[in-house]
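These notes concern the structure reproduced below.
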Amino acid sequence: MNEPTRSPAPYDAAGVEVHHPVPLAPVPTAPVAPVQQGGIPSVASVVLPDGRVVTGYAVTPAQPEPVAAKPAVSRAAVNIALGGIGFLAVCGGLFLLTAFITALTALVTQLVVLAAVLFGGWVAAQVFSTRAHRGGGTTVNIRKATFKRNHFHG
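Next comes the structure, spelled out in structure tokens:
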């Protein structure tokens, strides 16, 4: 059971060829020059530092897309300012509401006092009137009366 395992027969390394893939060099593609309406585009020649001359059509460089302008004020600051304006508007409205409630309370108080004065005056006029009471009661006029020891003598 515990026998040593035998290694497989050795291979002849000299007879084996190993092929490694070689990457292909990228082929440069020629740029397509836009053809202008009405004529042949101008040809430009450039002299490289090593003396070679490269001739080709002038290609206008691609313009990058304009970057959206960043606002001068952040959105959070604008939201805070608008919230403050809204809060001030609400406070002003609440101030007007409290002023209206105060004025309404003063008006109701004055109406109650006026009603009390008028009703009290009417009651006083009824009590202190000089005309005779209407009805079947007896009117007694006391002109001279004497009180002796808390007893009335007429």
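In terms of our numbering, the sequence shown has 226 at position 40, counting the first letter as 1, and numbering is strictly consecutive. All C-beta atoms in this analysis are idealised placements derived from N, C-alpha and C, irrespective of residue type, glycine included.
Could you check what DSSP says for residue i in three-state terms: helix, strand or coil?
| i | result |
| --- | --- |
| A263 | helix |
| A255 | coil |
| L282 | helix |
| V370 | Coverage of the chain is limited to positions 187 through 340, which leaves residue 370 absent and any answer about it impossible. |
| T215 | coil |
| F273 | helix |
| F314 | coil |
| L210 | coil |
| Q249 | coil |
From which residue to which residue does the beta strand (DSSP E) around residue i run?
| i | result |
| --- | --- |
| T241 | V239 to Y243 |
| A230 | V229 to V233 |
Beta carbon of residue i: closer than 7 Å to some heavy atom of the ligand FMN?
| i | result |
| --- | --- |
| T288 | No copy of the ligand FMN appears in this structure; indeed no ligand is present at all. |
Identify, in the order they occur along the chain, each residue of the same chain with its Cβ nearer than 7 Å to the Cβ of residue i, setting aside the five sequence neighbours on each side.
| i | result |
| --- | --- |
| S260 | none |
| V233 | V239 |
Report, in whole angstroms, the separation of the C-beta atoms of residue i and residue j, which I expect to be a contact under 8 Å.
| i | j | result |
| --- | --- | --- |
| V239 | S228 | Not really, about 16 Å apart at Cβ, beyond 8 Å. |
Going by beta carbon distance, what residues of the same chain come within less than 6 Å of residue i, once the five residues before and after it are set aside?
| i | result |
| --- | --- |
| T215 | none |
| F286 | none |
To which residues of the same chain is residue i closer than 8 Å at the C-beta, ignoring the five residues directly before and after it?
| i | result |
| --- | --- |
| V253 | none |
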